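Here the structure comes first, spelled out in structure tokens, and everything after it is commentary.
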Amino acid sequence: MYNWIDALADLQNQGEPCVLVTIIEELGSTPRNAGSKMVISAHQSFDTIGGGHLEYKAMQIAREMLASGKQDTHLERFSLGASLGQCCGGATVLLFEPMGQVQAQIAVFGAGHVGRALVPLLASLPCRVRWIDSRESEFPEQISHGVRKIVAEEPVDEIDELPAGSYCIVMTHNHQLDLELTAAILKRNDFAYFGLIGSKTKRAKFEHRLRDRGFDSSVVQRMRCPMGIGEVKGKLPVEIAISIAGEIIATYNANFGQQTASAEPIAKLLPVSRRSQATKLKASN
Numbered sequence: 001m002y003n004w005i006d007a008l009a010d011l012q013n014q015g016e017p018c019v020l021v022t023i024i025e026e027l028g029s030t031p032r033n034a035g036s037k038m039v040i041s042a043h044q045s046f047d048t049i050g051g052g053h054l055e056y057k058a059m060q061i062a063r064e065m066l067a068s069g070k071q072d073t074h075l076e077r078f079s080l081g082a083s084l085g086q087c088c089g090g091a092t093v094l095l096f097e098p099m100g101q102v103q104a105q106i107a108v109f110g111a112g113h114v115g116r117a118l119v120p121l122l123a124s125l126p127c128r129v130r131w132i133d134s135r136e137s138e139f140p141e142q143i144s145h146g147v148r149k150i151v152a153e154e155p156v157d158e159i160d161e162l163p164a165g166s167y168c169i170v171m172t173h174n175h176q177l178d179l180e181l182t183a184a185i186l187k188r189n190d191f192a193y194f195g196l197i198g199s200k201t202k203r204a205k206f207e208h209r210l211r212d213r214g215f216d217s218s219v220v221q222r223m224r225c226p227m228g229i230g231e232v233k234g235k236l237p238v239e240i241a242i243s244i245a246g247e248i249i250a251t252y253n254a255n256f257g258q259q260t261a262s263a264e265p266i267a268k269l270l271p272v273s274r275r276s277q278a279t280k281l282k283a284s285n
């Protein structure tokens, strides 16, 4: 059987999110001891915390966490006999730890000099990157781990394939293509971030053309152009790339930590006898 530590390493190398489940407390008869672990991905599970209904419930909870993108750890207590119908009859507390969750799905349109400077920076972040261009020759020979290279004759068609909430960065070699990509992104209007490379003059021209196509000004205002951190004035590709990467990080960090942790204090999840012991120990001190 594939052990949990190898499975965790392989899934993280592949950039596939998973949940590490650990038995952290046990009372009475339980199928496995505290410290036992298993790894659960969207479609697979590795190692075991004892099988049976307990393991089924653990997989159900873990996959709900993955589907929702939840990144907080989670504790849950199970009475094996009373609630799960297992013959062991004991109780256990499981710790659920999300692993490898990406902060952002990013699509970079354009493999020019700024794109080649930007994509390796994005690949070093907790992001999943699609890198799209019609010109295969523009891509470097070595593509950073976690980056999917897409050579598309019609890059605009790739907009339909993006997950909702994507971060879209448009920096192609062709202004008309930039405009068509911009129109397709704004038409969907379900992005977390959209940046278009260019000057204030380019923005003004695009705004005029987009209005002529019937786009509402409130939608067009969501477009970042010029994009990147305004205080970075350098024009070297790496300077522009760092500026854009900084803005991306600031955007996906904006709501970080805002969700209240759903896990109850661990003392409340311990079996009654353990809670009583903890209370007595605290009182004696």
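Letter 248 of the sequence shown, counting from 1, is numbered 248 in the UniProt record's numbering, and no numbers are missing. Here a beta-carbon is modelled for each residue, glycine too, at the ideal position from N, C-alpha and C. As the structure is a prediction and not an experimental result, all values here were calculated from the model.
Per-residue DSSP class, three states only, for serine 243:
helix
When we look at the beta-carbon of threonine 201 and count the other beta-carbons within 10 Å, is it buried (16 or more) or exposed?
exposed
Nearest residue (CA-CA) to lysine 187, options Ser217, Thr30, Trp4 and Asn174
Ser217
Runs of beta strand (DSSP E) lying entirely within the UniProt domain "XdhC Rossmann" (107-248), each at least 3 residues, in chain order
127-133, 147-151, 167-170 and 193-196
For the beta strand (DSSP E) that lysine 37 lies in, which residues bound it at each end?
37-41
Helix, strand or coil at aspartate 10 [DSSP, three-state]:
helix
Thinking C-beta only, is isoleucine 24 closer than 8 Å to arginine 32?
no
Spatial neighbours of glycine 50 in its chain, beta-carbon cut-off 6 Å, leaving aside the 5 residues before and after
Pro31 and Arg32
Across which residues does DSSP place threonine 92 in a beta bridge pair?
Glu26 and Phe78
Assign alanine 261 to buried or exposed, taking buried as 16 or more other Cβ atoms, counted over all protein chains shown, within 10 Å of its Cβ.
Low per-residue confidence applies at alanine 261: pLDDT is 34, beneath 50, and the placement is therefore not dependable enough to give any value.
Distance CB(valine 19)-CB(phenylalanine 78) smaller than 8 Å:
no
Indicate whether at least one CB of chain B lies closer than 8 Å to the CB of alanine 104.
Judged by its chain identifiers, the structure shown contains no chain B, having just a single protein chain.
Can you tell me whether alanine 62 is buried or exposed? The criterion is at least 16 other CB atoms within 10 Å of its CB, across all chains shown.
buried
Roughly how many angstroms separate the alpha carbons of serine 36 and glutamine 12, rounded to a whole number?
20 Å
Would you grab the beta carbon distance between alanine 7 and valine 39 for me? Rounded to a whole angstrom, and I think it's under 8 Å.
5 Å
Bridge-paired residues (DSSP) for serine 45
Ile40
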